[in-house]
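Here is the structure we will look at.
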Amino acid sequence: MRSRAEWALRAAALAALVLLLWTALRPPSAAARGSAARGGLERALIDATREAVPALRVELDSAPDPVHREWLAAIRAAGTDVAWRADDLVPIGVGVSRVAEPEGRVRVTVAGSDSARVILSDGLGQLDTVAVGASQSSRVLRTATGVVAAAGGGSRAVAPLPPPAPVRRLLVLGAAGWEAKFVVAALEESGWSVDARIRVAPGVETRQGASYSLDTARYSAVIALDASAAPLAGAIERFVSAGGGAVLAGAATRLPAFARIAPGTAGPARVAGARPGLRLSGIKRDAVILDSQRGAALVAARRAGFGRVVASGYDETWRWRMRPG
Amino acid sequence: MSEFVFCTGRYASGDWESAPLLPANLIDSVARYTSIEVAATGVTVPLDSPRIFDHPLVYLTGHLPFRLNEAERANMRLFTERGGMVFIDDHNHDVGGIFHKTATEEIGRTWSPLRALRNDHRLYSAFFEFKEGPPATSHELNGWGDNLIHPHLSAVTKDGRISVLYSNKDYSSEWNYHPENKKFSSVDNTRFGVNIIVYALTS
């Protein structure tokens, strides 16, 4: 009696093992192989999770959310060949940064297919519509709230708003003249706190604001309008190396003391036009040209140490204010 | 970099050219005392001309009625809005005189009423130090005009900066001589003119 029971139990256990082995090794059913139709992504993911399929083909009509993206990745990691196509989907990317200025404006850069139309919005609603040109477009917004989103062509990308960039004082160095006066006034009207050292006579300076030493804890940038900055050239170079910014205009770009850091030198050739200025020459290989007219570079920038230097050939910007247009 | 060019404003109503030697005298002083790049000769520009915007400091004077026409008024308003400064001096030195009465009226109509400028204003230390405020002129004491020493200048200010500076002290007579004659004075009486120009260029 006992031996018969043992033989029966052994047979049952063996049968269970054979069944389990057969379930694991049997080929997948034809119904589980195939693609997730439009709108059926969730259903397909559930099916592919419950029963292993050799391949999962997904046709997307909109960008999958992070949960579904992770789910697809997990199914692929489990051995399923996951592939997707999105013939009508427009890829979009968005980046948000703060302009380093008192006003704290927001720069939004959108990347996508050429001529895609993208709607920008933030936590309070729609902001603007952007036509993406040459795969990328930028907008500078006065303000934004919360998360900035870019949506279009079934895609949506989001980027959080970074905190305002730290803004410190500016130092203007120049000889007494209209350019120094109007540059200081324009910067102050834009909300900057400006210290100025304006040379009036040999050994005589008119000073505005505080007389701090030039360091990155106090100043965001120094603006040197002409050769009167020469006595501070060494301090300016150290300031830039430590992360400060420098704008060298006109004759300041030609100072030998700035040769190492300046992106180029301005003049003597002038560029005529609505906004005349000195043509930049000797532009360093790592400099980026920011403004040009008639094929001549007028403003260029480059990194120097941890900071940046801009060379500008515009030496009479005061005329833009007195005679706009 | 553009040099400073002394500009005398020409207006339609009166004798704008009553101090023809003043520009050369002040130009000489600026060149003598400062390192400011200054043009050797001044210019005369009509107040209604767009060329006025090439000269952010304009000097005006006269003896006769001072009236701006509509074009001059509109241009000068725009001029100061963009950052220009006007220096007007009563060549009569007479608060009862026709230039003073019409000029102060015109200034109020074009900009806003004049207010007395404090004698510790930055103008008085812009280059030379004038601790007592505006220096007296010889014409304030010689029996001409109102025979008063005017202790203050007046101004219209914008965002803390002087946009219109008005004087009853007759600096136009005081400075209207050939710069060669400076050597006969123990103290150069054009130094306050240097202050006005340096203030305009640095404030």
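Respectively, the protein sequence lines represent chains A and B.
Using our numbering, you'd call the opening residue of the first sequence number 1 and step up by one each time.
Using our numbering, you'd call the opening residue of the second sequence number 1001 and step up by one each time.
Glycine included, each C-beta is placed from N, C-alpha and C at the ideal position.
If you're wondering where the values come from, they're calculated on a predicted model, not measured in any experiment.
CA-to-CA distance, A:Q208 to A:A189, given in whole angstroms: Within the first sequence, residue 189 of chain A is the residue found at index 189, counting from 1. Within the first sequence, residue 208 of chain A is the residue found at index 208, counting from 1. The question names Ala, but residue 189 of chain A is Glu in the sequence shown. Near 15 Å, if we compare the C-alpha coordinates of A:Q208 and A:E189.
* To do: Report the neighbours of A:I223 on chain B: residues whose CB is nearer than 8 Å to its CB, in chain order.
  => Residue 223 of chain A sits at position 223 when you count from the first residue of the first sequence. Ordered by position in chain B, no residue passes the 8 Å Cβ test against A:I223, which lies about 14 Å from the chain.
Counting only C-beta atoms, is B:G1108 closer than 8 Å to chain A at any point? Stepping through the second sequence from its first residue, residue 1108 of chain B is reached at position 108. Chain A contact via Cβ: absent.
*asked:* So, at 8 Å on beta carbons, what are the nonlocal neighbours of A:I75 in its own chain, with the 5 sequence-adjacent residues on each side left out?
replied: The count along the first sequence starts at 1 and reaches residue 75 of chain A at position 75. Answer for A:I75: L45, A48, T49, L56 and V82, listed in chain order.
*asked:* Taking DSSP's pairing of strands, which residues face A:E59 in a bridge?
replied: Here the question's residue 59 of chain A lines up with position 59 in the first sequence. Looking at the DSSP assignment, A:E59 forms a beta bridge with A:R85.
**Item:** Neighbour-count burial assignment, B:V1198, 16 or more Cβ in a 10 Å radius
**Value:** Here residue 1198 of chain B corresponds to residue number 198 of the second sequence, with the count starting at 1. By the 10 Å Cβ count, B:V1198 comes out buried.
Cutoff 8 Å: A:T206 Cβ touching any chain B Cβ
Within the first sequence, the letter at position 206 stands for residue 206 of chain A. It does: the Cβ of A:T206 has a partner Cβ on chain B nearer than 8 Å.
Q) Taking the C-alpha atoms as reference points, what is the distance between A:A259 and A:T317? A) As a working mapping, residue 259 of chain A is identified with position 259 in the first sequence. As a working mapping, residue 317 of chain A is identified with position 317 in the first sequence. One C-alpha to the other measures close to 24 Å.
- Message: Here's the rule: buried if 16 or more other CB atoms are within 10 angstroms of the residue's CB, otherwise exposed. What is A:G177?
- Response: Counting from 1 along the first sequence, the entry for residue 177 of chain A is found at position 177. With 16 or more other Cβ atoms within 10 Å, it is buried.
**Asked** In three-state terms, what does DSSP make of B:T1110?
**Response** Reading the second sequence from its first residue, position 110 is the one you call residue 1110 of chain B. Looking at B:T1110 - three-state DSSP - the assignment turns out to be helix.
Rounded to the nearest angstrom, what separates B:C1007 and A:R218 at their Cα positions? Within the second sequence, the letter at position 7 stands for residue 1007 of chain B. Within the first sequence, the letter at position 218 stands for residue 218 of chain A. So the two alpha carbons sit approximately 39 Å from each other.
Quiz prompt | Which of helix, strand or coil DSSP assigns to B:M1085 | solution = Stepping through the second sequence from its first residue, residue 1085 of chain B is reached at position 85. Of the three classes helix, strand and coil, the one that applies to B:M1085 here is strand, per DSSP.
* Under 7 Å between beta-carbons, which chain B residues line up against A:I198? List them in chain order, please. => Here residue 198 of chain A corresponds to residue number 198 of the first sequence, with the count starting at 1. Neighbours of A:I198 on chain B, chain order: T1202.
Next item on the list: For the segment 168-188 of chain A, enumerate the residues whose C-beta is nearer than 8 Å to any C-beta of chain B, in chain order.
Entry: A175, A176, G177, W178, E179, A180, K181, F182 and A185
Margin query: I'd like to check one pair, A:I198 with B:T1061: are the Cβ atoms closer than 8 Å?
Written below: Residue mapping note: residue 1061 of chain B aligns to position 61 of the second sequence, counting from 1. Residue mapping note: residue 198 of chain A aligns to position 198 of the first sequence, counting from 1. A:I198 is positioned such that its CB atom lies no closer than 8 Å to that of B:T1061.
Exercise. Could one say the Cβ of B:V1156 lies closer than 8 Å to chain A's Cβ atoms, at least one of them?
Worked result: Residue mapping note: residue 1156 of chain B aligns to position 156 of the second sequence, counting from 1. Closer than 8 Å: no.
State the DSSP-derived secondary structure class of A:V184, mapped to helix, strand or coil.
-> For this step, residue 184 of chain A is matched to residue 184 along the first sequence. Under the three-state reduction of DSSP, A:V184 is assigned to helix.
**Prompt:** Buried or exposed: which applies to B:D1159, given that a residue is buried once 16 or more other Cβ atoms fall within 10 Å of its Cβ?
**Reply:** By 1-based counting over the second sequence, the position of residue 1159 of chain B is 159. Burial call: exposed.
Where does B:Y1177 fall in DSSP's three states?
-> What you label residue 1177 of chain B is simply residue 177 of the second sequence in a count that begins at 1. Coil, per DSSP.
Exercise. Along the segment 1012-1039 of chain B, what residues have a CB closer than 9 Å to any CB found in chain A?
Worked result: Y1033, T1034, S1035, I1036 and E1037
*Would you kindly report the start and end of the unbroken beta strand (DSSP E) that includes A:A301?*
Here residue 301 of chain A refers to the residue found at position 301 when the first sequence is read from its first residue. Counting along the chain, the beta strand (DSSP E) containing A:A301 begins and ends at A296 to A304.
| What residue ranges within the segment 223-249 of chain A form continuous alpha helix (DSSP H) runs of no fewer than 4 residues, ordered along the chain? | 233-241
List, from N- to C-terminal side, the alpha helix (DSSP H) runs of 4 residues or more that fit wholly inside the segment 1038-1062 of chain B. Here no run is fully enclosed.
Would a check of beta-carbon distances place B:V1198 closer than 8 Å to chain A?
What you label residue 1198 of chain B is simply residue 198 of the second sequence in a count that begins at 1. Chain A, which has a Cβ nearer than 8 Å to the Cβ of B:V1198, makes this yes.
Margin query: Output needed for B:N1119: all residues of its chain with C-beta closer than 6 Å, excluding positions within five of it in sequence on either side, in chain order.
Written below: Here the question's residue 1119 of chain B lines up with position 119 in the second sequence. Contacts found: G1133.
### Message
Between A:E103 and chain B, is the shortest Cβ-Cβ distance under 8 Å, so that the two count as touching?
### Response
On the first sequence, residue 103 of chain A is found 103 positions in, with the first residue counted as 1. Taking a beta-carbon distance threshold of 8 Å, A:E103 does not count as an interface residue toward chain B.
Through-space distance from A:L14 to A:M1, alpha-carbon basis: Numbered from its first residue, the first sequence carries residue 1 of chain A at position 1. Numbered from its first residue, the first sequence carries residue 14 of chain A at position 14. In this model, A:M1 and A:L14 are separated by some 20 Å (Cα to Cα).
According to DSSP, is B:V1005 helix, strand or coil? Reading the second sequence from its first residue, position 5 is the one you call residue 1005 of chain B. B:V1005: coil per DSSP, three-state reduction.
Within 8 Å of any Cβ in chain B, is that where the Cβ of A:R85 sits? Numbered from 1 along the first sequence, position 85 holds the residue referred to as residue 85 of chain A. False, the Cβ-Cβ gap to chain B never drops below 8 Å.
Distance, Cα to Cα, A:K284 vs A:P263? Locating residue 284 of chain A in the first sequence gives position 284, where the first residue counts as 1. Locating residue 263 of chain A in the first sequence gives position 263, where the first residue counts as 1. About 5 Å.
**Prompt:** Would the segment 249-258 of chain A and the segment 223-237 of chain A be scored as touching if the rule is three or more Cβ pairs under 8 Å?
**Reply:** Counting Cβ pairs under 8 Å, three or more are found: they touch.
task = Could you have a look at A:G95 and say whether DSSP puts it in helix, strand or coil?
result = Your numbering for residue 95 of chain A matches position 95 in the first sequence. Correct three-state label for A:G95: strand.
Burial state of A:G34, where buried means 16 or more other Cβ atoms lie within 10 Å: Here residue 34 of chain A is taken as the residue at index 34 of the first sequence, counted from 1. For A:G34, the predicted structure reports a pLDDT of 46, less than 50, and the residue's modelled location is therefore unreliable. The matter cannot be settled from this model.
Notebook entry, point to check: Relative to the C-alpha of A:A196, which residue among A:L170, A:R156 and A:A296 is closest?
Noted result: Taking the first residue of the first sequence as 1, we reach residue 196 of chain A at position 196. Residue A:L170 is the option with its Cα nearest to A:A196.
Would you call the segment 1028-1037 of chain B and the segment 1047-1065 of chain B touching, i.e. three or more CB-CB distances under 8 Å?
no
Practice item. Any chance you could list the beta strand (DSSP E) runs of at least 3 consecutive residues sitting entirely within the segment 131-211 of chain A, in chain order? Key: 136-141, 147-152, 155-160, 169-175, 194-201 and 204-208
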